[in-house]
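Written below as structure tokens is the structure these notes are about.
Residue numbers (the working numbering): 1 to 330.
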């Protein structure tokens, strides 16, 4: 499971001005309120979606999609705990699909980890904007963008440690068809991409990285694979992209996937089956330890020309009372 990082900003629909405003206080107040009609009024593709705090974790929420009306009612009335939800998810995945949401108290940052079928970050943006509309903040719109980095050839060559090299091959190309014939015994029309992973027995591949980082890295790798799969090297189609898993400091930091000439979304890997650390515990730890987050968040602010703005209309909803007084109140 991947924990992906996103920056967000607010846009004034009337003026089109965009600015930074931390909405954690608004989400805290909304989830703490007892306005059942408002909290039960959100739908995605015919299913109910709702947000609820994860007990014991100040910055984390469960973002859940379900068609089980009884489950929605029990959660909104706080008659069911997060542990109960998790038990039901494990027993019957058709009941509900959950994403874990980390909301930074300091920066305009989200981190999202989604189970299969769970609502994604775009559904989260729709959810928050729908909430704004319902409570009279329809003039304001939340925009969520992934934190990304576009690594250069020089940056990749400077990595101290490279654990893996990835080569993505189009399954419908000449080389892809050869791989199909080699590995698959039955109909494989549904296969879109093969990922060839190169790993070292000694744990570091940095010495062979220059072979892949060429003036035209895709073409270079294409030639190499073509010579392995076919004598005719005139057809250079099929290689989609080349990536590297590594880090720049051998003694510190964390491994990160970097795709040459492609924007890499900042992410961490979680282990849903870990016995010692629950997913919320892993998420908190990964968020705190991520060494790339600060730089990419700063880049996000610069690229979108953002500054912080204090808005009284938004400040009002950092308190529970306005949610209880909403027209949606039941």
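Glycine residues also receive a C-beta, built at the ideal position from the N, C-alpha and C atoms.
- Counting only the Cα atoms, residue 184 lies some 28 angstroms from residue 115.
- Around the beta carbon of residue 208, fewer than 16 other beta carbons lie within 10 angstroms, which makes this residue exposed.
- Residue 159 counts as buried, since no fewer than 16 other beta carbons sit within 10 angstroms of its beta carbon.
- Annotated three-state conformation of residue 102 is strand, per DSSP.
- In this structure the stretch 166-174 does not touch the stretch 8-27; the number of beta carbon pairs closer than 8 angstroms is below three.
- Sequence-distant Cβ neighbours of residue 280 in its own chain, meaning closer than 6 angstroms and more than five residues away, are 54, 57, 60.
- The C-alpha of residue 62 lies about 44 angstroms from the C-alpha of residue 174.
- Listed in chain order, the non-local C-beta contacts of residue 128 below 6 angstroms within the same chain comprise 142, local neighbours out to five positions each way being set aside.
- In the three-state reduction of the DSSP assignment, residue 65 falls in the strand class, which pools E and B.
- Going by beta carbons, residue 97 and residue 65 fall inside the 8 angstroms limit.
- Excluding the 5 residues flanking it on each side, residue 103 has same chain C-beta neighbours closer than 7 angstroms at 24, 27, 59, 61, 110, in chain order.
- Inter-residue distance for residue 317 and residue 285 is about 29 angstroms (C-alpha atoms, whole angstroms).
- In terms of CA proximity to residue 295, 266 leads the group 320, 322, 266.
- Counting other Cβ atoms within 10 Å of its Cβ, residue 16 stays below 16 and is therefore classed as exposed.
- C-alpha of residue 43 to C-alpha of residue 319: approximately 24 angstroms in a straight line.
- Residue state for residue 17 is assigned as coil, using DSSP reduced to three classes.
- If you look at residue 303, you'll find it in the alpha helix (DSSP H) that goes 293-303.
- Taking the CA atoms as reference points, residue 205 sits about 45 angstroms from residue 49.
- For secondary structure counted as the alpha helix (DSSP H) over 4 or more consecutive residues, the stretch 149-213 holds these complete runs in sequence order: 153-157, 174-183, 209-212.
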